[in-house]
Amino acid sequence: MKIGIVCYPTFGGSGVLATELGMALADKGHDVHFITYQQPVRLANSFRPNIFFHEVSVPVYPLFDFPPYESALVSTMVSVVNNYDLDVLHVHYAIPHASSAYFAQQILKDAGKNIPYITTLHGTDITLVGRDKTYAPIVTFSLNQSTAITAVSHNLKQETLSNFNIQKEIDVIYNFVDVQRFQRKEKEHFKRMIAPNGERIITHVSNFRKVKRVDDVVKIFEKIRKEVPSKLIMIGDGPERTEAEELVKQFCNLQTDVRFLGKQEQVEEIFSISDLFLLPSAYESFGLAALEAMACGIPVISSNAGGLPEINQQGVTGYLSEVGDVADMAKNSISILKDDAVLARFKEAAYKQAHSFTIDKVVPEYEALYIRVVDEFKNK
Ligand code: GMT
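Going by our numbering, the final residue of the sequence shown carries number 501, and the count climbs one at a time with no gaps.
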């Protein structure tokens with residue numbers, strides 16, 4: 122099949138998942154065309170002859186205080202569908218990709234080409250940004266016009282149905298992890314650099330936005346460290362990073378034990394030396410970073426928000442606490458970290474759970490959906 126994937130190319134979860142999906146589909150023989158404003162980060166160093174990247178460039182003009190990205194995206198979608206005779210468009214993150222797909226579909230229809238589009242909802246496109254009344258009408262319309270809608274968890278499906286007037290079925294297709302890439306590798310030298318005295322290593326990965334509650338990560342770590350010698354690695358960047366760094370500074374002596382590494386591509390190398398993953402978010406539709414950590418055998422301490430209970434199993438792969446309950450998250454972390462046997466049990470369970478979300482289990486669900494929508498559309 123010839124599939125067009127529209128996504129954000131950045132480190133955000135929706136772009137990561139869309140890129141991983143494109144690579145997995147290409148490995149299964151499909152032609153995959155990424156349409157976005159820059160090469161997706163996860164696509165770097167992974168050449169495949171059947172993956173194509175089409176850059177959306179937005180012309181600047183003195184009149185434009187806000188250059189119209191959406192118009193440039195629509196036109197690029199139209200030309201890629203025409204030039205490569207695509208079978209289906211799959212857009213990730215509703216805003217503005219779903220309405221752009223609808224617009225492209227209408228332009229193509231006018232020229233005699235019918236193409237279905239699938240919208241995959243990822244999280245804040247529904248729970249935060251999409252609900253804003255400046256966007257809600259266009260999100261509702263473009264979802265209802267989608268040939269199919271998918272959500273990455275049951276929780277996100279429910280959030281969508283509760284907050285928007287959706288007249289269509291929403292299929293839940295869980296996120297997945299590439300277990301060939303995300304597996305524990307021998308990195309002893311690296312571990313000794315971070316934790317020279319055998320301290321436990323705790324990791325957090327996010328885009329440091331408010332919803333991630335990165336200050337809670339620091340507060341949890343401060344409590345853990347009083348009981349269990351440990352180090353904290355913070356991966357990613359975003360608006361809340363400076364505040365988190367300031368908080369680390371405020372806590373006496375914490376700076377020597379916390380490293381802010383910024384955006385990193387080879388996260389699996391850091392996961393290979395980690396003992397615990399912290400994700401205290403106010404909301405996560407799914408928590409892809411936690412799943413990738415689990416695939417490397419790392420237990421997860423998370424909030425119980427959104428879709429997190431659908432991947433993190435209470436008392437088995439980690440623990441879930443109420444949002445903001447730093448004391449409970451610290452207590453649970455300590456209970457896992459202070460005992461080698463308990464830690465080993467949680468690591469094993471996390472690894473096992475992640476293996477129920479692998480490429481070979483999830484990607485066929487997308488392929489079946491593509492076949493279904495293309496068939497449905499032919500008969501329209
Ligand atoms: O909001 C983000 O952190 C980024 C966002 C995105 O769409 O780029 O991530 C969302 O999608 C990921 C992939 O499906 C999910 O794993 C994240 O849980 C979700 N984030 C939120 O719901 C806050």
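The beta-carbon is built from N, C-alpha and C at its ideal position, and this holds for glycine as well.
query                                                                                                                                                         : result
So, does the region 239-254 touch the region 370-389, judging by three or more C-beta pairs under 8 Å?                                                        : no
Whose CA, out of Pro258, Gly436, Thr324, lies closest to the CA of Asn286?                                                                                    : Pro258
Relative to the C-alpha of Pro170, which candidate in Asp152, Glu309, Gln226, Arg302 has its C-alpha closest?                                                 : Asp152
Roughly how many whole angstroms lie between the Cα atoms of Arg252 and Asn433?                                                                               : 27 Å
Pick out the complete beta strand (DSSP E) segments inside the region 220-252, 3 residues or longer, and give them in chain order.                            : 238-242
Would a C-beta distance cut-off of 9 Å place Ile270 and Ile291 closer than the cut-off?                                                                       : yes
Given the structure, does Val273 come close to ligand 1, in the sense that its CB is under 8 Å from one of the ligand's heavy atoms?                          : yes
Tell me which same chain residues have a C-beta within less than 6 Å of the C-beta of Phe407, skipping the five on either side of it?                         : Val273, Ser274, Asn296, Gly428
I'd like to know if the region 331-342 and the region 383-394 are in contact, where contact means that at least 3 CB-CB pairs between them fall below 8 Å.    : no
In the DSSP output, what is Tyr440 paired with across the bridge?                                                                                             : Ile422
May I ask which residues mark the beginning and end of the alpha helix (DSSP H) holding Ala145?                                                               : 134-148
Take Ile216 and list the residues in its own chain whose beta-carbon comes closer than 7 Å to its own, dropping the five residues that flank it on each side. : Asp246, Val250, Gly251, Tyr256, Val260
Using the Cα positions of Lys289 and Ser135, report the straight-line distance between them to the nearest angstrom.                                          : 22 Å
What does Phe381 pair with, by DSSP beta-bridge criteria?                                                                                                     : Met355
At the level of alpha carbons, what is the spacing between Asn425 and Val326?                                                                                 : 17 Å
For Phe168, does the three-state DSSP call read helix, strand or coil?                                                                                        : coil
Within 10 angstroms of the Cβ of Leu282, are there 16 or more other Cβ atoms? Answer buried if so, exposed if not.                                            : exposed
Does the beta-carbon of Thr248, which I'm using as the reference point, lie nearer than 8 Å to any heavy atom of ligand 1?                                    : yes
From what residue to what residue does the alpha helix (DSSP H) around Asp481 run?                                                                            : 480-499
Would you check if the distance between the CB atom of Ala475 and the CB atom of Phe303 is smaller than 9 Å?                                                  : yes
Compute every distance between the C-beta of Arg333 and the non-hydrogen atoms of ligand 1, then say whether any falls below 8 Å.                             : Sequence check: residue 333 is Lys here, not Arg. Checking the Cβ of Lys333 against ligand 1 gives yes.
Would you report the Cα separation of Tyr158 and Ser178, rounded to the nearest angstrom?                                                                     : 6 Å
Who does Leu397 pair with in a DSSP beta bridge?                                                                                                              : Ile323
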